[in-house]
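Protein chains: 2
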Amino acid sequence: MKEYLKHHEWQIIEEGLDPHYNKISESVFSLGNGHMGQRANFEEDYSGETLRGSYVAGVYYPDKTRVGWWKNGYPEYFAKVLNAPNWIGIRITIDNQKLDLAKCKVEDFRRVLDMKIGLLSRSFAATLADGKKVRVESKRFCSMAHGEIGAIRYSITPLNFSAKATLSIYVDADVVNKDSNYDEKFWEEVYKEAAEGKAIVTAQTKKTFFHVTTGMKYVVLEEGKKAAFDRVNMELREKYAGNVIQLDLHEGKEMVVYKYAAILSSENHAKDKMVAACEQVLTEATTKGFDALLEAHSKVWAHKWDECDITIEGDIAAQQGIRFNIFQLTQTYTGEDERLNIGPKGFTGEKYGGSTYWDTEAYCLPFYLGTAEQKVARNLLVYRHKHLQRAIENAGKLGFNKGAALYPMVTMNGEECHNEWEITFEEIHRNGAIAFAIYDYIRYTGDDAYLAEYGLDVLIGISRFWSQRITWSSDKNKFVMLGVTGPNEYENNVNNNWYTNTIATWTLQYTIDSLAQVKKTHGERYTAIAKANNFDEGETTRWKEIISKMHYPVDERRGVFLQQDGFLDKELLRVSDLRPEDRPINQKWSWDRILRSCFIKQADVLQGIFLFEERYDIETIRKNFDFYEPMTVHESSLSPCVHVILASRLGYKERAYEFYLRTSRLDLDDYNNDTEDGCHITSMAGTWMSVVKGFGGMTVKDGMLHFNPFTPDQWKSYSFRLEFRERVIKIKISKDNVETILESGAPLEICLHGKPVMLKR
Amino acid sequence: MKEYLKHHEWQIIEEGLDPHYNKISESVFSLGNGHMGQRANFEEDYSGETLRGSYVAGVYYPDKTRVGWWKNGYPEYFAKVLNAPNWIGIRITIDNQKLDLAKCKVEDFRRVLDMKIGLLSRSFAATLADGKKVRVESKRFCSMAHGEIGAIRYSITPLNFSAKATLSIYVDADVVNKDSNYDEKFWEEVYKEAAEGKAIVTAQTKKTFFHVTTGMKYVVLEEGKKAAFDRVNMELREKYAGNVIQLDLHEGKEMVVYKYAAILSSENHAKDKMVAACEQVLTEATTKGFDALLEAHSKVWAHKWDECDITIEGDIAAQQGIRFNIFQLTQTYTGEDERLNIGPKGFTGEKYGGSTYWDTEAYCLPFYLGTAEQKVARNLLVYRHKHLQRAIENAGKLGFNKGAALYPMVTMNGEECHNEWEITFEEIHRNGAIAFAIYDYIRYTGDDAYLAEYGLDVLIGISRFWSQRITWSSDKNKFVMLGVTGPNEYENNVNNNWYTNTIATWTLQYTIDSLAQVKKTHGERYTAIAKANNFDEGETTRWKEIISKMHYPVDERRGVFLQQDGFLDKELLRVSDLRPEDRPINQKWSWDRILRSCFIKQADVLQGIFLFEERYDIETIRKNFDFYEPMTVHESSLSPCVHVILASRLGYKERAYEFYLRTSRLDLDDYNNDTEDGCHITSMAGTWMSVVKGFGGMTVKDGMLHFNPFTPDQWKSYSFRLEFRERVIKIKISKDNVETILESGAPLEICLHGKPVMLKR
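So the sequence lines, in the order shown, correspond to chains A and B. Note that full-length UniProt numbering gives residue 264 to position 264 of the first sequence, counting from 1, and the numbers run on in steps of one. Note that full-length UniProt numbering gives residue 463 to position 463 of the second sequence, counting from 1, and the numbers run on in steps of one.
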């Protein structure tokens, strides 16, 4: 855990440049706008520790799979999030000395991410080897108003000298992925040009043939007036285009570079028109200018914050934490493009690759349901419907047939790209989350028609998978599910993971119910679906049999569900028994030791109780929480939020608050010592759930919003907004009062602490 | 399965060159002499499918580990068997056309491995593009009389022309491993020279700095007289040295190249004296000449066959099979060098890497016990004693301490070099085999003193490991062993594998007994051992507790031991239920499907029953065999031999014979479709056991040899020899008679069909 960032309600602030923290800050201060994103790398060259990263949504590279030991069924490649061409670069040389913060004396370094308007600022004074001292201030943003525009204002003021200087302003597609499996470069040059004031490079990904055109124009002002150049050279190298400007810096006079970048993807443009389109975007950007662009961008952010801000009074660390989570989620996924999804690192790093994990359905969907228009969440569901055929093919590779669908563990385009047998082949509970998301969406929105339109196809495929994957144990006289990995990945290849068995039979029942409903309400469509899926009602006979005779491991004596068969054979220790030097166990212990220990990476049985909370009485929840939580090391970022919610139900206020801080400040305080790889974007939605579903006690029952809120002792009050069925409501909760306001839409009855309340505007 | 090789009692014969079978034949026709080995590659260049392979015992390269997903505790590198410099090369050009069997018309191709004298011959007639036709006959061997010498007689006769020809005779260290993880070359040049009639290259392995000096001299005769050369050029390239001879070929006149190679390793020579030593070996070889070298070599083979031949009358395929197995084992490991061990592919391929697996103790030891001087088997045990410290370090990496030892899954120098968590960390039964081998050796030889000298140290280390690895289950009120992979690798991370639990408690008891015995018979040594190992007798309290309260899964109803907890939850199918297109399942099914199926890769419970046969009555053996065998796919080469032995006990003669053919002709008939990678050397020892322990019914009880032989219906008779406690006895078994002859040593009482028989010379 590191606590080098200043607490502030709206800003993330770093003071002083500590090179050891630079990669962490590069992640935390990342910018994005749903279309593209950029780590907080320096504009100028930096020879210290850095992970340069620029990303364009939906653009990926299928990197040839690297494994030690091949298993049948492994995919041929891993779809990597691509490090895209660099559009921020401004290389500065003063009297033949490169401005490089790793090689200067740096003073007054300050990096600020203003979350309110999505603006990254950086300022410092640097003394070069020969004593020349400059002050630099840079500001940049990725426009939320125009997703293809990035803009930079970069100012240099010589403090104690006048001298010749060179500015290289460029775009560069000669970039690499740090996590490339075979040290390959993923980009090839298609086109480049450089003219005075302008440079454009179109690069193409190998194998996938995505084109990305990155262009830039710039203006250089001295003291507010167009600067005089000694000379401008065009610089063209492989995959690289720029201008090299020779000019004079004058002591005390501020030189400002406005750099406007246009980043276009062939996902949105015809390949042969991209350069022209790029020119157009550049013209638009330069015409508007930095300030107007920033204003338009800020307006979008103001609107976003109106929709989804959560305020917390009396606890700045908690306030900063939740806003940081909301900020990152908002810049990662806007929901406008149904081809996109929410990668685990968003636009803040390249690690893990793929864009879509079960995180989307299990953690992110509720956030978008609560904070955005209905179509945003709907697009996330449709995304999976589009991939249904691929999921059926994926199941086929594992020996399933007749339309059984297994959604991939990690994907970009619907194809599985993960390659660890115990995860790829066995962590099949992901299929359940995808089914549950359909239910969750309909429960929240009331959009029953979704079932007939898209939902049922997916449910049939998933139910067929469960039906084939579950086998009959003559020994137990029950159905069993062998060889799985549950949400707790610190167990592999276990039998009868309670969570997986539970969500599997739930899916079967929900599919049966949904079939009946669609048949009733959309008879024709039902017939079409049955035909298209070659579905016969007889299939449900086995499903019903499974539902009625499924084995769920339990410990009757303790009154708890067992994470899997044989769990009680373990030595039941508590996390508090571990020596500090053993933690985190995933960095300290060998894998076999982790597997045979009782320690839990992330909520597993508790995850199931969270999803199906209405099935369990409070004592059952308590027994399970009290049994499992002490064994849980929370080494997955997805774990604490579930614990906030259940602890809240149980009145464990102090525990709930601790888990909340852990989830909300996970990256700000680098809890798991891995933020340098990128931020944990998907778990940020869990933080939002912690407040709304945890402290706020929000649930939806029979189409009605319920709240059972409480206020953590550390807070004076907190508030959040919800979009719900064409209303916007705002809830403000303090220790002695709950204020509910209908901000827009028709009157709505909600339930507060068990009592109905009618909200009117 | 392929049956392209001719059946013959003493020879392996291939007629006609089928390029699809070439890599298989390269494996099958391999030569070796314990010091080095060579696949049956062609001397001349070949542009068709080939796996060129030359190997020098003990010389390896630590190839950087390649994994998809790193786990704590993985080794940094995998010790690869190295493809060593090529010493066989003779490149032939006739009228500027290269002799390359992939590009000629080839007639009368015949490849013969004469196992009686260890000679590989090859002959063919080749027609070049321009119609020139030559006859070639080559013979070669790796001298068993002088381990550093290889010799080739290569004859060319122009059948329809006279022409200018070029002979390049060379040594070449610019070789690669096909299985290199990062396409790296493993050799660097240290020294090279070429002079008329001679070339020498010393190459050094990267990282490990082994030196191998490969030298050659040659003589070229035409019609028995020194051939006249137009010109001889020296050829020196990187890591390559040779002579290029220009000469005339005359129609109908035989030109013969005698090439003598010396292959020296820094394991046996000071690095700075290797070139001189190489010169000396070359001088010795050329002085003696091909025929005399071959004679000396043949004599050693005659002696070896005297020691270990098994004859089978009436079944040439079976006879050829067992001789092929014995031949390969004999050329792989001679037992003279205690630093060496028996790699899974011997000198026939590079796959798998490492030189030592549990195969050595579980399968190979009995062969060397029965067929070689006592010191050979003893050296195999001492090899593990030398690695004890490394095994303790290895266990330490997995969190064990206080002298607990875990021997590696795969090793060259005692360090683990495997990297699959479910194998490396969990297939810990290997430790049991290493303990059992000590017992097996002493049981056979009566060399009790071995315990005090070396055995006890190893037993203490292994018992400490079991003691720490086994945990208490309060739920079962028993000790349990969680998270293991048994011999049946088609189950991973299971709890309470019956075999592993059984061999673990057996080890604890054997260690307790051995401690008591050494204390009694070697009091001083006992004290020293206890001190050196920091051993306290109190440690055995827990060991005894574990022995008395260990959990062994059983099915009382069926009267069988259960392979692991939960085995009965599986769908209990039979291999005969599988569709042909599903087999072999390891090539057709995804890993999860294999894991949750009941199908067994190799004997697991039956392996335990085989080792501890005396504990079980025949009905128990039968029930377990009848239960497990039908589920066993034998996709490990180590499986069928155990089944021969148990089937023999049960009187399942026909099944025993089928399993015997499968194990003995595994590579000759390419049963598992993988012989092209190399032969299955270690399982060949299992073939020997099949005959001696299976059909011959040999066991050792209380220091006495017992035989309960029978003769398969397909055989008239069979015979084998055994070295046993300074005697050599020969057993000849036919349907109606068993002949036992004491060939050397003092009188010996044995037990035949339960009755004592006194053998005298």
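Using N, Cα and C, we set each Cβ at its ideal position, and we do this for glycine too. If you're wondering where the values come from, they're calculated on a predicted model, not measured in any experiment.
Going by beta carbons, Phe327(B) and Glu251(B) fall outside the 7 Å limit. Setting aside the 5 residues that flank it on each side, Asp248(A) is surrounded in the same chain by Ser162, Ala163, Lys164, Ala165, Ala228 and Asp230, each with a C-beta closer than 8 Å to its C-beta; the list follows chain order. Residues of chain B whose Cβ lies closer than 7 Å to the Cβ of Val480(A) are, in chain order, Asp569. For the stretch 625–642 of chain A, the beta-carbon criterion of a distance under 9 Å to any beta-carbon of chain B is satisfied by none of its residues. A direct Cα-Cα distance of roughly 38 Å separates Glu15(B) from Phe78(B). Neighbours of Lys397(B) in chain A, taken as residues at a C-beta separation under 8 Å, are given in chain order as Ser590. Taking all protein chains in view, the Cβ of Ser664(A) is crowded by 16 or more other Cβ atoms within 10 Å, so the residue is classified as buried.
In this structure, the beta-carbon distance from Ile169(A) to Lys259(A) falls below 7 Å. DSSP, reduced to helix, strand and coil, places Thr65(A) outside both helices and strands of the structure shown, so it counts as coil. The residues Lys549 and His551, in chain order, have a CB closer than 6 Å to that of Lys478(B) in the same chain once the five nearest residues on each side in sequence are set aside. The count of Cβ pairs closer than 8 Å, one atom from the stretch 488–498 of chain B and one from the stretch 414–427 of chain B, reaches three, so the stretches are in contact.
Taking 8 Å as the upper bound on Cβ-Cβ separation, chain B lies near residues Asn586, Gln587, Lys588, Trp589, Ser590, Trp591, Asp592, Arg593, Leu595 and Arg596 of the stretch 578–610 of chain A. Straight-line spacing of the CA atoms in Glu222(B) and Arg339(B) works out to 44 Å.
Listed by position along chain A, the residues whose Cβ is nearer than 9 Å to that of Phe425(B) are Ser590, Trp591, Asp592, Arg593 and Leu595.
Put simply, the CB of Asp63(B) is far from chain A, with every gap to its CB atoms at 7 Å or more. Interface annotation, Arg574(B): not in contact with chain A, CB-CB separation never under 7 Å. Linking Ser266(A) to Val410(A) through their CA atoms gives a straight-line distance of about 23 Å.
At a cut-off of 7 Å, the C-beta of Glu676(A) has no neighbouring C-beta in chain B. Taking a Cβ-Cβ cut-off of 9 Å, the neighbours of Thr471(A) in chain B comprise Asp569, Lys570, Glu571 and Arg596, given in sequence order. Chain-ordered, the chain B residues with CB closer than 7 Å to the CB of Glu420(A) read Gly68 and Trp69. Fully contained in the stretch 194–231 of chain A are the following beta strand (DSSP E) runs of length 3 or more, in chain order: 198–205 and 211–222. Ranked by Cα distance from Ala292(B), the options Glu107(B), Ile152(B), Glu739(B) and Ile460(B) are led by Ile152(B). Ala194(B) and Leu236(B) do touch by the CB rule: their CB atoms are close to 5 Å apart, below 8 Å. Scanning chain B for C-beta atoms nearer than 7 Å to the C-beta of Asn492(A) yields Asn493, reported in chain order. In the displayed model, Ser30(A) falls within coil according to three-state DSSP, outside both helix and strand. Asp702(A) carries a coil assignment under DSSP once its states are collapsed to helix, strand and coil.
The shortest C-alpha to C-alpha distance from Asp309(B) to any of Glu723(B), His522(B) and Gly353(B) is the one to Glu723(B).
Apart from the 5 residues on each side of it in sequence, Ile322(B) sits with its Cβ closer than 8 Å to the Cβ of Ile310, Ile312, Ser664, Thr687, Trp688 and Val691 in its chain, given in chain order. Collapsing the DSSP output to three states places Val176(B) in coil. Proximity of chain B to Asn72(A) at the Cβ level (cut-off 8 Å) is accounted for by Asn586, Gln587, Lys588, Trp589, Ser590 and Trp591, in chain order. Scanning its chain for C-beta atoms nearer than 7 Å, with the 5 sequence neighbours on each side dropped, one finds around Lys716(B) the residues Glu313, Gly314 and Ser734, in chain order. Neighbourhood of Lys476(B) in chain A, by CB distance below 9 Å: Leu568 and Asp569, in chain order. Around Asn233(B), the same chain offers Val244 as residues with beta carbons nearer than 6 Å, after the five sequence neighbours per side are excluded. The criterion of a C-beta distance shorter than 7 Å is satisfied by Glu254(B) and Thr157(B).
Distances from the CA of Gln468(B) to each of Lys402(B), Ile512(B) and Ala125(B) were compared; the closest alpha carbon is that of Lys402(B). Excluding five sequence positions before and after Met698(B), the CB atoms of its chain that fall closer than 6 Å to its own CB belong to Val692 and Phe707, given in chain order.
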